[in-house]
Amino acid sequence: MSELLTTLLQDARVWQGHRHRTTTQPAETTGFQALDNQLGGLGWPRGALSECLLDASGIGELQLVMPLMKRMTEAGKTVFWLNPPHTPYAPALAREGVGLDNLVVIHTEDTSDFLWTLENCLRSPVTGLVLAWPGKLATRDVRRLQLASEAGQNVCVLFRERQQAEQNSPAALRLELMPDAQQGLKVNVLKRRGSWSGQRCTLAMAHRADIRVQEAPRVVQGPWPGATR
Amino acid sequence: MLWLYLHFPHLLLDHVRRSQPIENALVIVEGTGQHVLQACPLAQDAGIQPGMRLKTALGLAPELHILQADQQQQAQLLEEQARWLYHYVAHLTPAPPDGLWAEVSSLQRLYGGLAAIWQTVEQALAEHQLTAWAALGHTPLAARLLARAGKGECSADKGHITHALAQLPLTAAEFDKTDCTRLNRLGLETLGDVFALPQKELARRLSPELLATVQKIQGTRPDPRAPWQPPHRFRQRAGFIQEVEHTQGLLFALQRILAELEEDLCWRQQDTDTLLLVLQHRHQEPTRLRLRTTGPEHRAETFMKLIRLKLDQQPLSAPVVSLVLVVRRFISREAPGGQDLLGETQDLNEAWHTLISRLQARLGEQALTQLSPRPDHRPEFAWSAGEVKRAKNPGEVNPQALPRRPLWLLPGPCPLTETPVAWFSGPERISGGWWDGQRVQRDYYIAQLPGGQLAWVFRDPQNAWFVHGWFG
Numbered sequence: 001m002s003e004l005l006t007t008l009l010q011d012a013r014v015w016q017g018h019r020h021r022t023t024t025q026p027a028e029t030t031g032f033q034a035l036d037n038q039l040g041g042l043g044w045p046r047g048a049l050s051e052c053l054l055d056a057s058g059i060g061e062l063q064l065v066m067p068l069m070k071r072m073t074e075a076g077k078t079v080f081w082l083n084p085p086h087t088p089y090a091p092a093l094a095r096e097g098v099g100l101d102n103l104v105v106i107h108t109e110d111t112s113d114f115l116w117t118l119e120n121c122l123r124s125p126v127t128g129l130v131l132a133w134p135g136k137l138a139t140r141d142v143r144r145l146q147l148a149s150e151a152g153q154n155v156c157v158l159f160r161e162r163q164q165a166e167q168n169s170p171a172a173l174r175l176e177l178m179p180d181a182q183q184g185l186k187v188n189v190l191k192r193r194g195s196w197s198g199q200r201c202t203l204a205m206a207h208r209a210d211i212r213v214q215e216a217p218r219v220v221q222g223p224w225p226g227a228t229r
Numbered sequence: 001m002l003w004l005y006l007h008f009p010h011l012l013l014d015h016v017r018r019s020q021p022i023e024n025a026l027v028i029v030e031g032t033g034q035h036v037l038q039a040c041p042l043a044q045d046a047g048i049q050p051g052m053r054l055k056t057a058l059g060l061a062p063e064l065h066i067l068q069a070d071q072q073q074q075a076q077l078l079e080e081q082a083r084w085l086y087h088y089v090a091h092l093t094p095a096p097p098d099g100l101w102a103e104v105s106s107l108q109r110l111y112g113g114l115a116a117i118w119q120t121v122e123q124a125l126a127e128h129q130l131t132a133w134a135a136l137g138h139t140p141l142a143a144r145l146l147a148r149a150g151k152g153e154c155s156a157d158k159g160h161i162t163h164a165l166a167q168l169p170l171t172a173a174e175f176d177k178t179d180c181t182r183l184n185r186l187g188l189e190t191l192g193d194v195f196a197l198p199q200k201e202l203a204r205r206l207s208p209e210l211l212a213t214v215q216k217i218q219g220t221r222p223d224p225r226a227p228w229q230p231p232h233r234f235r236q237r238a239g240f241i242q243e244v245e246h247t248q249g250l251l252f253a254l255q256r257i258l259a260e261l262e263e264d265l266c267w268r269q270q271d272t273d274t275l276l277l278v279l280q281h282r283h284q285e286p287t288r289l290r291l292r293t294t295g296p297e298h299r300a301e302t303f304m305k306l307i308r309l310k311l312d313q314q315p316l317s318a319p320v321v322s323l324v325l326v327v328r329r330f331i332s333r334e335a336p337g338g339q340d341l342l343g344e345t346q347d348l349n350e351a352w353h354t355l356i357s358r359l360q361a362r363l364g365e366q367a368l369t370q371l372s373p374r375p376d377h378r379p380e381f382a383w384s385a386g387e388v389k390r391a392k393n394p395g396e397v398n399p400q401a402l403p404r405r406p407l408w409l410l411p412g413p414c415p416l417t418e419t420p421v422a423w424f425s426g427p428e429r430i431s432g433g434w435w436d437g438q439r440v441q442r443d444y445y446i447a448q449l450p451g452g453q454l455a456w457v458f459r460d461p462q463n464a465w466f467v468h469g470w471f472g
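If you read the sequences in order, they're chains A and B.
Following the UniProt record's numbering from start to finish, the first sequence increments by one per residue and tops out at 229.
Following the UniProt record's numbering from start to finish, the second sequence increments by one per residue and tops out at 472.
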């Protein structure tokens, strides 16, 4: 019994408020030093769910997973995109250095197919990373996914709406993503396994559109009638 | 030369019984449906004998299942048996409708003696749940006659075989009917009596054909048998006595067929990636299911999982009378190397194919796509979605040569409804498509919307504004 307890404590499965200890759970670095520091030097947890909560696409959410995606495709692992809300644009991905041969896009029709597919992807040893846009999910379903992800050793990132930040979730890592000044991405850690949450950091994402940060917007006079002049 | 003959006294019966467990007695009737041809042990217990009138048989066992014999099906069944027996024997000749010759003298060294061959064949027959009477002979006909009479023994001793032959009654010798009657009238009862007659007289008084047959039995006249070559396809059929309404009933029969497919593929050292499953219904067009695996595969278990998934997705539209599994595409198997160029082990490769096949079986093949860039200026044509394939060599794309593009492309341009708060780059004019009627002339900008999103917007010649992508 005591052995079981020790394991639970070491894996940080039991949350201890008074003690802040580094855990040994497997993880993949995010590729952003600032974010890694906020996550206790770990990054994306492997064999567990991660959630990114955001309002709308286009704030740099894909850039956040880009270093990991690049690493996985280079290592020959398959990256699955499950029900992406728009078309992942192949020329842009190729420009970022993602191996398109190791990238598979899947569209499912209903929730049961979605869950089944995600479970199968998570359990497979060929998978490196799963990016999924589940839409609405019941807590029960998230729990089922969390169990499936524990069966494998893969990183799974769910992109969900920001309203669901209130809903509790068994995911190991929950990040709230918001746009910031200078096209950056504000990351707010809502939950992370084994430690306090509440860390914040801002990542520079302006390079995703080739914008130099220090510079003021280059095209000051927009062609838009009545735009910011 | 030493020949082994296998006589299948009730092949059709055996075949039906192993495809579906049946509680009631079963008989096979001839084409006109008048007489019983074959009766299962249960029927024989009830007193039904082959040759009996069907009416009498029904009187003995009212619950009797009746199946009509079908010439074509019998021939196919026999070929199926030849197919698996070919794993053990090189020189094989089918003797339709119910027998097989195998030349065994050349196999004695391989198996280590006649007894070992005999045992191997008997074991294989038991595995396939078949009843067969086997016999050895120095000529094909001698082996056949002994087998059909059920007098076969595992002995290559010539004297012994000749003695057994001589004991056979004339009716078992497969002579012409008139010849048989005439021999009987001469007072001859057994084959031995005929052997004892002077050959010249036999040909002169009876017929030259009779002499030829006798000489073929004795081995003094050549009787060549052309070796059979297995056709290069796999086709197995299972018929059901009781119509199958649930998927589970099909799986039972499929399990055996798939196990035979695996064995067959193993022997050929080949794989396949396409199975065709045809379900026949009584009053409907047959259902044809095509099962595809993404990679070469030979394991019955994997095929079974895929079939199960497919059947779960597509419930049976009507009760099934019989099913046929056909494989026509064969791929020669690659020798498993330790690691390939990408440092990928065989296991991972296999796991990849398993996963993708599973997903495709449930979601449909078009649900999974792989993306690739295409040389075109127009954004909506600059990419394509294709079939999922295992990557072998990384593409030679120079990332720096590609222009800056958003990671998200909208399925179609959306009207821009908000005034952007900042403009970053542009205009980038994209004009083209005059060659295929999908003309495009747009000025693209990168702009930030009030919500903080970076959008790829464009203006068309009519001065209307659209969002075409997001810098995600």
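All C-beta atoms, glycine included, are put in the ideal place defined by N, C-alpha and C.
For A/M178, the secondary structure class from DSSP, reduced to helix, strand or coil, is strand. Counting only Cβ-Cβ distances below 7 Å, A/A92 has contacts in chain B at R405, P406, L407, in chain order. For B/Q199, no beta strand (DSSP E) encloses it; the enclosing alpha helix (DSSP H) starts and ends at 199-205.
By the C-beta criterion, the segment 264-277 of chain B is judged to be in contact with the segment 293-304 of chain B, since at least 3 inter-stretch pairs fall below 8 Å. Residue pairing of B/Q38 in beta bridges, as defined by DSSP: B/I28.
Residues of the segment 115-129 of chain A whose Cβ lies closer than 9 Å to any Cβ of chain B, in chain order: W116, T117, N120, C121, R123, S124, P125, V126, T127.
Contact with chain B is absent for A/L177, since none of that chain's Cβ atoms lies less than 8 Å from the residue's Cβ. Identification of chain A residues near B/R292 by a Cβ-Cβ cut-off of 8 Å yields none; the smallest Cβ-Cβ distance measures about 16 Å. For A/G128, the three-state secondary structure derived from DSSP is strand. Any Cβ of chain A closer than 8 Å to the Cβ of B/T247 would place that residue at the interface, and such an atom is absent. One finds nothing in chain A with a Cβ atom closer than 8 Å to the Cβ of B/A464; even the nearest lies about 12 Å away.
At a Cβ-Cβ threshold of 8 Å, B/W470 and A/H207 do not count as neighbours. Beta-bridge partners assigned by DSSP to B/Q441: B/S431. Put simply, the backbone Cα of A/T139 is about 8 Å away from that of A/N168.
Between the segment 280-291 of chain B and the segment 307-325 of chain B, the count of C-beta pairs closer than 8 Å reaches three or more; the two stretches touch. The C-beta of B/W470 comes closer than 8 Å to at least one C-beta of chain A.
Looking only at B/R109, B/V29, B/P373, the smallest Cα-Cα distance to A/P91 is reached by B/P373.
Judged by beta-carbon spacing, A/G47 lies within the 8 Å limit of A/S149, meaning their Cβ atoms are closer than that value. DSSP, reduced to helix, strand and coil, places B/L275 within a strand of the structure shown. Here the alpha carbons of B/G150 and B/T220 stand approximately 24 Å from one another.
In the assembly as shown, B/C414 is an exposed residue. Its beta-carbon has fewer than 16 other beta-carbons within 10 Å. The Cβ atoms of A/L64 and A/W81 do not sit closer than 8 Å to each other. Within the same chain, and ignoring the five residues on either side of B/A61 in sequence, the residues whose Cβ sits closer than 7 Å to its Cβ are A25, A43, A46, I48.
A straight line joining the alpha-carbon of A/T108 with that of A/L173 spans about 25 Å. Its chain contains L37, A69 as the residues whose beta carbon lies nearer than 7 Å to that of B/E30, once the 5 sequence neighbours on both sides are disregarded; these appear in chain order.
Ranking B/P208, B/V194, B/R18, B/L13 by CA distance to the CA of B/A166 puts B/V194 first.
When the alpha-carbon of B/Q242 is set against those of B/T162, B/V467, B/E23, the nearest one is in B/E23.
Taking a Cβ-Cβ cut-off of 8 Å, the neighbours of A/G60 in chain B comprise L454, F471, G472, given in sequence order. The three-state secondary structure of B/A102, taken from DSSP, is strand. A direct Cα-Cα distance of roughly 10 Å separates B/R308 from B/R358.
Taking every protein chain shown into account, the CB of B/R148 has 16 or more other CB atoms within 10 angstroms, so this residue is buried. The three-state reading of DSSP puts B/C154 in coil, since its state is none of H, G, I, E or B. In terms of Cα proximity to B/I446, the closest of B/L114, B/G433, B/L407 is B/L407.
Residue-level contact by beta carbon fails for B/I331 and chain A, as no gap is shorter than 8 Å. B/V388 has a beta carbon lying within less than 8 Å of a beta carbon in chain A.
One finds nothing in chain A with a Cβ atom closer than 9 Å to the Cβ of B/A39; even the nearest lies about 49 Å away.
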